[in-house]
Amino acid sequence: MKLDFSQMPAREIYGWMIGTILPRPIAWVSTISDDGRVNLAPFSFFQGITANPPTLMFVPVNTREGAKKDTLRNIEQVPEFVVNLVPYGLAEKMNATAALLPYGESEFEKFGIAAAASERVRPPRVAAAPVSFECTLHSIVRLGEGPLAANVVFGRISLVHVSDEVLGTDGRPDPVKLDLVGRMGGESYTRTTDRFDLKRPDR
Ligand SMILES: Cc1cc2nc3c(=O)[nH]c(=O)nc-3n(C[C@H](O)[C@H](O)[C@H](O)COP(=O)(O)O)c2cc1C
């Protein structure tokens, strides 16, 4: 089978992309509007992209109606955000925060998610997240127009919170203790419980 994306509608292309580029890490992003209203939403078009300078990216695409998501609206007002990582124990709460709430209504309050104050940015972080990256906006790259068009948000990581509970005896994050989830296609997720090692040929 072959798919010619140049001949297909965006919604269908989206389905093929999220059903094949797997698994994807999840950024659970907290933002704040300039009048102090807090938002929290998950994004799996997400990656860390370089350590020099420490940078990550995630992509709030436009809605099916072509509108900006609340996360993007907030970042355009207050150019700061926190990327929280999602362990298995928080997966259901994370999923709940994907609900379309009226702009300005806080997912923290609506779904009973405890927030902790950030140190260098205004949006709070998710208190129970094992890792939270406090970021300042580097840039937004827009790709396409209308429904599902991308707003690629690049963030400079300023401060990272790592729960002591997820550290191994070597002081590094232990993947078993982190117990992060990844997004598969549709409504499916994966856990990081089945891992294997490969020796790098060049080491
Ligand atoms: C696990 C998961 C991953 C998601 N990834 C994305 C994504 O990468 N980009 C996106 O625009 N929406 C993504 N969504 C949908 C948004 O979370 C959803 O549209 C949400 O309502 C946006 O919130 P906001 O309007 O408060 O910013 C994802 C949803 C889930 C549950």
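Start counting the sequence shown at 1189; every next residue gets the next number (our numbering). From the three backbone atoms N, C-alpha and C, an ideal C-beta is built for every residue, glycine too.
**Q.** Outcome for Leu1228 when other beta-carbon atoms lying within 10 angstroms are tallied against a minimum of 16
**A.** With 16 or more other Cβ atoms within 10 Å, it is buried.
Q: Could you please go through the chain and list the residues whose beta-carbon is closer than 6 angstroms to any non-hydrogen atom of ligand 1?
A: A distance filter of 6 angstroms between CB atoms and the heavy atoms of ligand 1 selects the following residues in sequence order: Ile1214, Asn1227, Ala1229, Pro1230, Phe1231, Ser1232, Phe1233, Val1247, Pro1248, Val1249, Lys1257, Asp1258, Thr1259, Asn1283, Ala1286, Leu1288, Arg1371.
Q. Can you name the start and end residues of the beta strand (DSSP E) that Ile1214 belongs to?
A. Unbroken run through Ile1214: none, as it is neither H nor E.
Q.
Using a Cβ-Cβ cutoff of less than 8 angstroms, which residues in the same chain neighbour Cys1323 once the five nearest sequence positions on both sides are dropped?
A. Within the same chain, Leu1244, Glu1268, Phe1269, Val1270, Val1271, Val1309, Gly1343, Arg1344, Ile1345, Ser1346 come within 8 angstroms of Cys1323 by CB-CB distance, once the 5 residues on both sides are set aside.
(Q) Once DSSP output is grouped into helix, strand and coil, what is the label at Val1247? (A) Judged by DSSP in its simplified three-state form, Val1247 adopts coil rather than helix or strand.
Q) On the three-state DSSP scale, how would you describe Ser1194? A) Of the three classes helix, strand and coil, the one that applies to Ser1194 here is helix, per DSSP.
Q) How about Arg1388: is its Cβ closer than 7 angstroms to a heavy atom in ligand 2? A) Although ligand 2 was asked about, the structure shown includes only ligand 1 as ligands.
Q: Please work out which residues of its chain come closer than 7 angstroms, Cβ to Cβ, to His1326, disregarding the five sequence neighbours upstream and downstream, and give them in chain order.
A: Cβ within range, chain order: Thr1243, Phe1342, Gly1343, Arg1344.
(Q) Looking only at its chain, what residues have a beta carbon closer than 6 angstroms to the beta carbon of Thr1219, apart from the 5 residues adjacent to it on each side? (A) Counting only residues of its own chain and dropping the five nearest sequence neighbours on each side, Thr1219 has a CB closer than 6 angstroms to the CB of Asn1227, Thr1259, Asn1262, Ile1263, Phe1269, Pro1311.
Q) Between the Cα of Asp1222 and the Cα atoms of Val1266, Glu1333, Lys1365, which residue gives the shortest distance? A) Closest option to Asp1222, Cα to Cα, is Val1266.
Q) Arg1383 bridges to which residues according to DSSP? A) Answer by DSSP bridge pairing: none, since Arg1383 is not bridged.
Q | Boundaries of the alpha helix (DSSP H) in which Arg1261 is found, first to last residue | A | Secondary structure note for Arg1261: its alpha helix (DSSP H) is the uninterrupted segment 1258-1265.
(Q) Quick check on the DSSP output: the alpha helix (DSSP H) that includes Leu1336 runs from which residue to which? (A) No alpha helix (DSSP H) holds Leu1336; DSSP gives it neither H nor E.
Q | Buried versus exposed call for Ile1301 [16 or more other C-beta atoms within 10 Å across all chains shown] | A | The residue is buried, with at least 16 neighbouring Cβ atoms inside 10 Å.
Q) Is the stretch 1312-1319 touching the stretch 1283-1293 in the sense that three or more CB pairs, one from each, lie closer than 8 angstroms? A) The way I'd put it, the stretch 1283-1293 doesn't touch the stretch 1312-1319; fewer than three beta-carbon pairs between them come closer than 8 angstroms.
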